[in-house]
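The block underneath contains the structure these notes are about, expressed in structure tokens.
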Ligand SMILES: Cc1ncc(C[n+]2csc(CCOP(=O)(O)OP(=O)(O)O)c2C)c(N)n1
Ligand SMILES: [Mg+2]
């Protein structure tokens, strides 16, 4: 878990450097080697690592717009993920998805920029696992800003009534862009939502990665044993702006300072040391993470850009046989008048 979390943090620190190239002095979001938005997950790492530690490749994970720590913990190919973020041809989706739309069927991972969008597909994956009589599970990660979304609430209900092997993991970082949680949701503990849908609910603090691990073991175990879904809310901290370039004028300094002071990586490191893990082992894990990150970034930057002629490839599904590209007939458009 520690290696996973350090990899995610170091990876994002490097992405941040690459991202800022060419974007200053006035922030130009379209400039540089990574054009477009970039949402970093520093402060969320324990949620991804603690949950995914219990998952196998055949388990499904859907993640939101802040996906890197979860993708890394799920075992998404770091090189191809990086190439995707840099918009290169060898990226997971040929460079057409970017950082919010990573998709890796090898480990059943997908994410989306539409909040709560991952919930229904996770329920679908849970239903498929049940119908196929496998013990695979599905986990949907979402932010606390998405817990009033219909897609989430309907998914809770369906997973519960059908007793599906699904775990919903809400990463509560207290903010949805510039909107503080208490202004939009009238429950302090989002896991209470579980009561209204008849599933198990629990809330843990991600400052303590081991507590996340323990809660996730129970939730994933319940799903794998056929005992139904769980809603797990994990308190995390947003150490950065909502996205790179966010001036965070709305955010009190104390809130940001508090987020920076509670670091789950430092806490886990202290726990490991207290359990006798020595400096050499910690250094080894950190340098393995460092080398992996550097290798992925160097590899990705060396990959070719996509051919502009392929811009429309893989954007829509191929039309079913019998459907052609010809002009619609008068009948299709409702007649001549
Ligand atoms: C359906 C939908 N509505 C609005 C948005 C715009 N949007 C992007 S991120 C975000 C806030 C998300 O907050 P939260 O779910 O708490 O995740 P966090 O960014 O804090 O990790 C919103 C409203 C969106 N992507 N999708
Ligand atoms: Mg949030």
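In the working numbering, the protein residues as written are 1082 to 1418.
Yeah, the Cβ is synthetic: ideal placement off N, Cα and C, and Gly gets one too.
{"Query": "Can you tell which of 1152, 1246, 1386 and 1311 has the C-alpha that lies nearest to the C-alpha of residue 1134?", "Result": "1152"}
{"Query": "When the cut-off is 7 angstroms and only beta carbons count, does residue 1365 lie next to chain C?", "Result": "Checking the listed chains, one finds no chain C in this structure; it contains a single protein chain."}
{"Query": "Should the region 1121-1130 be called in touch with the region 1085-1097, which here means at least 3 C-beta pairs below 8 angstroms?", "Result": "yes"}
{"Query": "Taking all protein chains shown into account, decide if residue 1246 is buried (16 or more other Cβ within 10 angstroms of its Cβ) or exposed.", "Result": "buried"}
{"Query": "How many Å lie between residue 1083 and residue 1359 at the Cα?", "Result": "14 angstroms"}
{"Query": "Mind checking residue 1195: buried by the 16 CB within 10 Å criterion, or exposed?", "Result": "exposed"}
{"Query": "Just checking residue 1380 against ligand 2 - is the residue's beta carbon closer than 6 angstroms to any of the ligand's heavy atoms?", "Result": "no"}
{"Query": "Alpha carbon to alpha carbon, what distance is there between residue 1131 and residue 1271?", "Result": "19 angstroms"}
{"Query": "By how many angstroms is the C-alpha of residue 1386 removed from the C-alpha of residue 1374?", "Result": "21 angstroms"}
{"Query": "Compare the C-alpha of residue 1217 against each of 1383, 1139 and 1276 and name the closest.", "Result": "1139"}
{"Query": "Return the residue from the list 1129, 1377, 1111 and 1126 that minimises the CA-CA distance to residue 1172.", "Result": "1377"}
{"Query": "Could you check which residue in 1328, 1211, 1279 and 1185 has the C-alpha nearest to that of residue 1143?", "Result": "1185"}
{"Query": "By how many angstroms is the C-alpha of residue 1343 removed from the C-alpha of residue 1368?", "Result": "23 angstroms"}
{"Query": "So if DSSP puts residue 1141 in a beta bridge, which residue, or which two residues, is it bridged to?", "Result": "1219"}
{"Query": "Which word fits residue 1341, buried or exposed, when buried means at least 16 other C-beta atoms lie within 10 angstroms of its C-beta?", "Result": "exposed"}
{"Query": "Would you mind stating whether residue 1244 and residue 1309 have Cβ atoms separated by less than 7 angstroms?", "Result": "yes"}
{"Query": "Going by the DSSP bridge assignment, what does residue 1097 pair with across the sheet?", "Result": "Bridge partners of residue 1097: none, in fact."}
{"Query": "Looking only at its own chain, which residues have a Cβ that is under 6 angstroms from the Cβ of residue 1210, when we skip the five neighbours before and after it?", "Result": "1217 and 1246"}
{"Query": "If we require 3 or more residues per run, which beta strand (DSSP E) segments fall completely within the region 1183-1219?", "Result": "1190-1192"}
{"Query": "Do you know whose CA, among 1365, 1337, 1338 and 1336, lies nearest residue 1350's CA?", "Result": "1365"}
{"Query": "Would you mind sorting residue 1320 into buried or exposed? The rule is 16 or more other CB atoms within 10 Å of its CB.", "Result": "buried"}
{"Query": "What whole-angstrom Cβ distance do residue 1384 and residue 1164 have, given they're in contact under 8 angstroms?", "Result": "5 angstroms"}
{"Query": "I believe residue 1157 touches residue 1190 by the beta-carbon criterion, under 8 angstroms. Please report the beta-carbon distance rounded to the nearest angstrom.", "Result": "5 angstroms"}
{"Query": "I'd like the list of long-range same chain contacts for residue 1242, defined as Cβ closer than 8 angstroms, with 5 residues on each side in sequence excluded.", "Result": "1279"}
{"Query": "Name the residue from 1301, 1225, 1306 and 1331 whose alpha carbon lies nearest to the alpha carbon of residue 1267.", "Result": "1225"}
{"Query": "Report the rounded CA-to-CA distance for residue 1357 versus residue 1127, giving the unit in angstroms.", "Result": "21 angstroms"}
{"Query": "Roughly how many angstroms lie between the CA atoms of residue 1208 and residue 1249, to the nearest whole one?", "Result": "14 angstroms"}
{"Query": "Rounded to a whole number of angstroms, what is the C-alpha to C-alpha distance between residue 1264 and residue 1235?", "Result": "22 angstroms"}
{"Query": "Going by the DSSP bridge assignment, what does residue 1284 pair with across the sheet?", "Result": "1314"}
{"Query": "Are the beta-carbon atoms of residue 1101 and residue 1146 separated by less than 7 angstroms?", "Result": "no"}
{"Query": "List, from N- to C-terminal side, the beta strand (DSSP E) runs of 3 residues or more that fit wholly inside the region 1095-1179.", "Result": "1141-1144"}
{"Query": "If residue 1227 sits next to residue 1206, beta carbons under 8 angstroms apart, how far is it from one beta carbon to the other, in whole angstroms?", "Result": "Contact flag wrong, Cβ pair sits at about 18 angstroms."}
{"Query": "Mind listing which residues have their beta carbon within less than 6 angstroms of any non-hydrogen atom of ligand 3? Chain order is fine.", "Result": "Among the ligands modelled here, namely ligand 1 and ligand 2, ligand 3 does not occur."}
{"Query": "Report the CB separation of residue 1222 from residue 1252 in whole angstroms; it is logged as a contact under 8 angstroms.", "Result": "6 angstroms"}
{"Query": "Determine the contact status of residue 1285 and residue 1293, defining contact as a CB-CB distance below 7 angstroms.", "Result": "yes"}
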